[in-house]
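Novice:
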Amino acid sequence: MSDTNAILVVDDDEAVGRVLAALLTQDGHKATWVNSTEAALATMEKRAFDLVVSDVRMPGLSGLELLKLVRAKSPELPVIILTAHGTVPMAVEAMRDGAADFMLKPFNREEVLFTVKKVLAASSTERAAPPQQPRAKNETADGMVGRSSALDEARGLIRQAAPSNATVLVLGETGTGKELAARALHALSPRAKGPFVRLNCGALPESLFESELFGYEKGAFTGAVARKPGRVELAEGGTLFLDEVGELSAASQVKLLRLLQEKEFERLGGTQTLKAAVRVIAATHRNLQERVQTGEFREDLYYRLNVVPISLPPLRARREDVPELVKHFVATLGAQNGRPKVVLAEDALHLLSSQPWPGNVRQLQNFIERLLVLSPPGDVIDKVTVEKELARAGADARPVEVSGESLGDRRRDAEKQAVEEALQKARGNRSVAARLLGVSRRTLYNKLDTLGLAQE
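Following this note's numbering from start to finish, the sequence shown increments by one per residue and tops out at 443.
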């Protein structure tokens, strides 16, 4: 499996679509052009893509409608919007709705390659957060499920901090719900009607951080053919969420420090000083105090970020919430996967509560969806079925019998069986199968090659 990226180009103008696809192909990507949103959706059902580049205005469903459909079905799939100068506000609105970036027509080769490289670089290392689900009966207004004292403490801090403009630092292991907490802070604040704009600091190389955060002026670098707003401007009047802030380089930390201290910035290549009318919420899974001690993180930046710290507990520290979480995921994901009446037996719930769940709530959510899809038909999932899926997922710690078969062989057989069952349940749709297995499409494609299933 090569590192070539599969890119879907969507434009009703055949000349533009074919030229753009050819340009991307010449740069080493595998580009496919289609002329409508409807054709794009049909193509994505058959093949997996790493990026979608779509025009805004097209007959039938628009590019903005395509963006919303992609975000709902495959939130980890980045979308770049193409727009003419007259529809720039529409493109900015698209970014607020989740577009990864936008490019202005007429575009040039340097701009296209720069933007595509930037978006793919961010997407390749960014692990998508779990999709937001409809609120269940056991879910409070802040979107968090559970009644444990550990979670209630964090929930109380969120409610106290939300009305203010103070900078908040959300701390917690991967999968504990840091973005959910940030969104709760935004939703419960006076800025709730403003935009919530996210920037994953860990997914961007240092060379792109400044232009992504502050934007850039025309001519700031090769490929900058027009002024472009950064995340600070896009979040004006709302909340700027800086995820994985602990991954910032020393140079990027300096740039962020000035934004927090002075509440002002300049676009890359510009001289005009702009005011930042945003509230900043940052998050990290790192221990920033330790990083300050080792010199990896600036002490002054740490204190600027750590005005109101909120620590989210790992799932192992609130095991009493697991049954409630499981019921919540079964209800929401069951309806999405054609099993709206299914429930788990009590002993199955107890078994799930005893697991360590090192990936926290995100791991539990992925496991429940896989369980719903791969378990036998029926309205009750029993303990035996859960044990089987835990063993297959490698989530249980029970000793295995020693045999002449190597551990590597047994693991390969288990992986192959899991992949084959996921593909069968997904009716051959590899994007759906990857989601069921809790892995990215690229990981699934690599696994298909490794297991000799690529041609099946």
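Beta carbons are placed, not taken as given, at the ideal position from N, Cα and C, and that holds for glycine.
Here the structure is a predicted model, which is why all the values come from computation and not from measurement.
What did DSSP end up calling Gly439 once you bin it into helix, strand or coil?
Specialist: As a working note, residue 439 is residue 452 in the sequence shown. Gly439 falls in the coil class under three-state DSSP.
Novice: Sort Pro300, Asp334, Leu361 by Cα distance to Glu407 and report the nearest one.
Specialist: Here residue 407 is taken as the residue at index 420 of the sequence shown, counted from 1. It is Leu361 whose Cα lies nearest to the Cα of Glu407.
Novice: Could you please give the first and the last residue of the uninterrupted alpha helix (DSSP H) stretch that includes Thr24?
Specialist: Position 37 of the sequence shown holds residue 24. Counting along the chain, the alpha helix (DSSP H) containing Thr24 begins and ends at 24 to 33.
Novice: For Arg58, collect the residues of the same chain with a Cβ closer than 6 Å to its Cβ; drop the 5 residues on either side in sequence, then sort them by chain order.
Specialist: Along the sequence shown, read from residue 1 onward, the residue named residue 58 stands at position 71. Gly85.
Novice: Shortest alpha-carbon distance to Thr260 belongs to which of Ala168, Asn274, Arg245, Val317?
Specialist: By one-based count along the sequence shown, residue 260 stands at place 273. Closest option to Thr260, Cα to Cα, is Arg245.
Novice: Please work out which residues of its chain come closer than 6 Å, Cβ to Cβ, to Phe101, disregarding the five sequence neighbours upstream and downstream, and give them in chain order.
Specialist: Translated into positions along the sequence shown, residue 101 becomes position 114. Gly210.
Novice: Starting from Phe89, trace the beta strand (DSSP E) both ways and give me its first and last residue.
Specialist: Counted from its first residue, the sequence shown places residue 89 at position 102. Looking at the DSSP string, the run of the beta strand (DSSP E) that includes Phe89 is 88 to 92.
Novice: Using 9 Å as the threshold, is the C-beta distance between Met45 and Thr70 below it?
Specialist: Working through the sequence shown from its first residue, we reach residue 45 at position 58. Working through the sequence shown from its first residue, we reach residue 70 at position 83. It is not a contact, given that the beta carbons lie outside the stated cut-off.
Novice: Short check: CB of Leu338 to CB of Glu311, under 9 Å?
Specialist: The sequence position of residue 338 within the sequence shown is 351, counting from 1. The sequence position of residue 311 within the sequence shown is 324, counting from 1. Against a cut-off of 9 Å, the Cβ pair of Glu311 and Leu338 comes out as no contact.
Novice: Can you list the alpha helix (DSSP H) stretches of 4 or more residues lying completely in the segment 283 to 369, in chain order?
Specialist: Entirely contained in the segment 283 to 369, the alpha helix (DSSP H) runs reaching 4 residues are, in chain order, 286 to 292, 309 to 323, 333 to 340, 347 to 361.
Novice: Whose C-alpha, out of Pro301, Arg96, Ser23, Asn22, is nearest the C-alpha of His272?
Specialist: Position 285 of the sequence shown, counted from the start, is the residue given in the question as residue 272. The candidate whose alpha carbon is nearest that of His272 is Pro301.
Novice: In this structure, does DSSP put Gly202 in helix, strand or coil?
Specialist: Residue mapping note: residue 202 aligns to position 215 of the sequence shown, counting from 1. Correct three-state label for Gly202: strand.
Novice: Quick one: residues in its chain with C-beta nearer than 6 Å to the C-beta of Val294, no 5 flanking neighbours on either side, listed in chain order?
Specialist: In the sequence shown, the residue the question calls residue 294 occupies position 307. Same-chain partners within the cutoff: Ala153, Thr154.
Novice: How about Ala137 and Arg349: are their beta carbons less than 9 Å apart?
Specialist: In the sequence shown, residue 137 corresponds to position 150, counting from 1. In the sequence shown, residue 349 corresponds to position 362, counting from 1. No; because the gap between Cβ atoms is not below 9 Å, this pair is not in contact.
Novice: Excluding the 5 residues preceding and the 5 following Asp88 in the sequence, name in chain order all residues of the same chain whose CB lies nearer than 6 Å to its CB.
Specialist: Position 101 of the sequence shown, counting from 1, holds the residue named residue 88. These residues qualify, in order along the chain: Ile67, Thr102, Val106.
Novice: Looking at C-beta atoms only, is the number of pairs between the segment 160 to 174 and the segment 326 to 333 that lie closer than 8 Å three or more?
Specialist: Output reads no: the segment 326 to 333 does not touch the segment 160 to 174.
Novice: Beta carbon of Arg428, beta carbon of Ala421: below 9 Å?
Specialist: The residue labelled residue 428 in the question sits at position 441 within the sequence shown. The residue labelled residue 421 in the question sits at position 434 within the sequence shown. Going by C-beta atoms, Arg428 is nearer than 9 Å to Ala421.
Novice: Measure the Cβ-Cβ separation of Leu444 and Met31 and say whether it is below 9 Å.
Specialist: The chain is shown from -12 up to 443; residue 444 falls before or after that span and cannot be answered.
Novice: Compute the Euclidean distance between the alpha carbons of His16 and Asp0, then round it to the nearest angstrom.
Specialist: By 1-based counting over the sequence shown, the position of residue 16 is 29. By 1-based counting over the sequence shown, the position of residue 0 is 13. Distance between the alpha carbons of His16 and Asp0: 21 Å.
Novice: Does Pro65 pass the burial test, meaning 16 or more other C-beta atoms within 10 Å, or should it be called exposed?
Specialist: Sequence index remark: in the sequence shown, residue 65 carries index 78 (1-based). It counts as buried.
Novice: Do three or more CB pairs link the segment 197 to 205 to the segment 166 to 180 at distances below 8 Å?
Specialist: Judged by Cβ distances under 8 Å, the segment 197 to 205 makes no contact with the segment 166 to 180, as fewer than three pairs qualify.
Novice: Thr281 to Ala270, Cα distance in whole Å?
Specialist: Reading the sequence shown from its first residue, position 294 is the one you call residue 281. Reading the sequence shown from its first residue, position 283 is the one you call residue 270. Using only the alpha carbons, I get a separation of about 20 Å.
Novice: Write down the C-beta distance between Leu299 and Ala141 rounded to the nearest angstrom, noting that I regard them as a contact closer than 8 Å.
Specialist: Position 312 of the sequence shown, counted from the first residue, corresponds to residue 299. Position 154 of the sequence shown, counted from the first residue, corresponds to residue 141. Leu299 to Ala141, Cβ: 5 Å. Contact.
Novice: Between the C-alpha atoms of Lys33 and Leu56, what's the straight-line distance to the nearest angstrom?
Specialist: Position 46 of the sequence shown, counted from the first residue, corresponds to residue 33. Position 69 of the sequence shown, counted from the first residue, corresponds to residue 56. Those two C-alpha atoms are separated by around 16 Å.
Novice: Give, in chain order, every unbroken run of the beta strand (DSSP E) that is at least 3 residues long and sits entirely within the segment 137 to 170.
Specialist: Runs of the beta strand (DSSP E) inside the segment 137 to 170: 155 to 158.
Novice: Looking only at its chain, what residues have a beta carbon closer than 7 Å to the beta carbon of Arg96, apart from the 5 residues adjacent to it on each side?
Specialist: If you number the sequence shown from 1, residue 96 lands on position 109. Counting only Cβ-Cβ distances below 7 Å, and skipping sequence neighbours, we find Leu10.
Novice: Measure from the alpha carbon of Thr19 to the alpha carbon of each residue in Ala29, Leu227, Leu275, Ala(-7), then state which is nearest.
Specialist: By one-based count along the sequence shown, residue 19 stands at place 32. Thr19 has its Cα closest to that of Ala(-7), out of Ala29, Leu227, Leu275, Ala(-7).
Novice: For Leu351, which residues from the same chain have a beta carbon less than 8 Å from its beta carbon, with the 5 sequence-adjacent residues on both sides left out?
Specialist: The residue labelled residue 351 in the question sits at position 364 within the sequence shown. Hits under 8 Å: Leu302, Val309, Leu312, Val313, Phe316, Leu339, Trp344.
Novice: Return the residue from the list Val3, Arg278, Pro150, Glu277 that minimises the CA-CA distance to Val99.
Specialist: Indexing the sequence shown from 1 puts residue 99 at position 112. Val99 has its Cα closest to that of Val3, out of Val3, Arg278, Pro150, Glu277.
Novice: Are Leu243 and Ser198 closer than 9 Å when you measure CB to CB?
Specialist: The residue given as residue 243 occupies position 256 in the sequence shown. The residue given as residue 198 occupies position 211 in the sequence shown. Cβ distance not < 9 Å, so Leu243 and Ser198 don't count as in contact.
Novice: Give the single residue among Gly181, Leu229, Met77, Leu435 whose Cα lies nearest to the Cα of Glu445.
Specialist: In the structure as shown, the chain starts at -12 and stops at 443, and residue 445 therefore has no counterpart that could be examined.
Novice: Assuming Gly50 and Val(-3) make a contact with CB atoms under 8 Å, what is their CB distance in whole Å?
Specialist: Residue mapping note: residue 50 aligns to position 63 of the sequence shown, counting from 1. Residue mapping note: residue -3 aligns to position 10 of the sequence shown, counting from 1. Between Val(-3) and Gly50 the Cβ distance is about 7 Å, and since that is below 8 Å, they are a contact.
Novice: What residue from Val371, Leu172, Leu247, Ala29 has the CA that sits closest to Ala264's CA?
Specialist: Along the sequence shown, read from residue 1 onward, the residue named residue 264 stands at position 277. When each option's Cα is compared against that of Ala264, the closest is Leu247.
Novice: Leaving out five residues on either side along the sequence, give the residues of the same chain with a beta carbon under 7 Å from the beta carbon of Glu220.
Specialist: To locate residue 220, count along the sequence shown from 1; it is residue 233. Gly202.
Novice: From Leu186 to Asp230, what distance separates their C-alpha atoms?
Specialist: To locate residue 186, count along the sequence shown from 1; it is residue 199. To locate residue 230, count along the sequence shown from 1; it is residue 243. Roughly 6 Å between the two C-alpha positions.
Novice: For Thr12, which residues in the same chain have their Cβ closer than 8 Å to its Cβ, ignoring the five residues on either side in sequence?
Specialist: On the sequence shown, residue 12 is found 25 positions in, with the first residue counted as 1. Excluding residues within five positions, the ones whose Cβ falls inside 8 Å are Ala18.
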